[in-house]
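Engineer: Structure below; questions to follow.
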Amino acid sequence: DGKTIEFVAALRKAATQSGFCQGDMAIDLSGSLPGTVFAIGGHMPVFPWLFAGYPFTDDFAREYLRRLGQTRLARAWLVTSDTPNSLSMQKLQSFGVNFSAYRLVADLPYPIGGAPVRLYAPPAGQGGCELARNGKAPD
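Heads up: the sequence shown begins at 120 in the working numbering, then just goes up one per residue.
Here is the structure:
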């Protein structure tokens, strides 16, 4: 539908204008928008998506971030959301995500319900065009 097309186009534009390149590492931390990473052409390491709203969600997200490690987390673009059942920023911070180190590059309304969806660029000097630099997708 038109709203979804506009949302994806705006997300891609914001990512590209902020230095994102096809194949860069990106992580959907919302737990509810698994297609966003793939819509911008990103690569989600370790597991294809986190899912929220289940009794095991917190343990799963905590373990995902542990396996990902701080080095890869610092190189990754992050997607968060306030959509229903999403992992909250506070919860993600308690799991070790330091959002103050990232740069907010998009804050868009989700096509269904209008909840905010945010895209964060990795800290300066991290991430950005991993595929172009290394000739392969990031771990």
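Quick reminder that beta carbons are idealized off the backbone N, C-alpha and C, glycines included.
Measure the CB-CB distance between Gly161 and Ala145 and report whether it falls below 8 Å.
Structural biologist: The sequence position of residue 161 within the sequence shown is 42, counting from 1. The sequence position of residue 145 within the sequence shown is 26, counting from 1. It is a contact, given that the beta carbons lie within the stated cut-off.
Engineer: Can you give the Cα-Cα distance for Ala256 and Asp178, rounded to whole angstroms?
Structural biologist: Against the sequence shown, residue 256 aligns to sequence position 137. Against the sequence shown, residue 178 aligns to sequence position 59. For Ala256, the predicted model reports a pLDDT of 47, less than 50, meaning its position is unreliable and no value from the coordinates is stated.
Engineer: Taking 7 Å as the limit between beta carbons, can you name the residues of its chain near Asp96, skipping five residues before and five after?
Structural biologist: In the structure displayed, the chain extends from 120 to 258; residue 96 sits before or after that span and is not available.
Engineer: Whole angstroms is fine: what's the gap from Ala195's alpha carbon to Pro241's?
Structural biologist: Position 76 of the sequence shown, counted from the first residue, corresponds to residue 195. Position 122 of the sequence shown, counted from the first residue, corresponds to residue 241. Rounded to whole angstroms, the gap between the alpha carbons of Ala195 and Pro241 is 6 Å.
Engineer: Measure the Cβ-Cβ separation of Ser149 and Ser200 and say whether it is below 8 Å.
Structural biologist: Counting from one through the sequence shown, the residue named residue 149 turns up at place 30. Counting from one through the sequence shown, the residue named residue 200 turns up at place 81. In this structure, Ser200 lies closer than 8 Å to Ser149 by Cβ.
Engineer: Which partner residues of Ala225 appear in the DSSP bridge assignment?
Structural biologist: For the purposes of this step, residue 225 is taken as residue 106 along the sequence shown, with counting starting at 1. For Ala225, which the question treats as bridged, DSSP gives the partners Leu238.
Engineer: Would Phe166 be called buried (16 or more neighbouring beta carbons within 10 Å of its own) or exposed?
Structural biologist: As a position in the sequence shown, residue 166 is number 47, starting the count at 1. Classification for Phe166: exposed.
Engineer: Going by Cα to Cα distance, which pick from Ala158, Arg191, Pro174 is closest to Leu206?
Structural biologist: Translated into the one-based positions of the sequence shown, residue 206 becomes position 87. Of the listed residues, the one whose Cα sits closest to Leu206 is Pro174.
Engineer: If you follow the beta strand (DSSP E) that Ile146 is part of, which residue opens it and which one closes it?
Structural biologist: By one-based count along the sequence shown, residue 146 stands at place 27. Residues 145 to 147.
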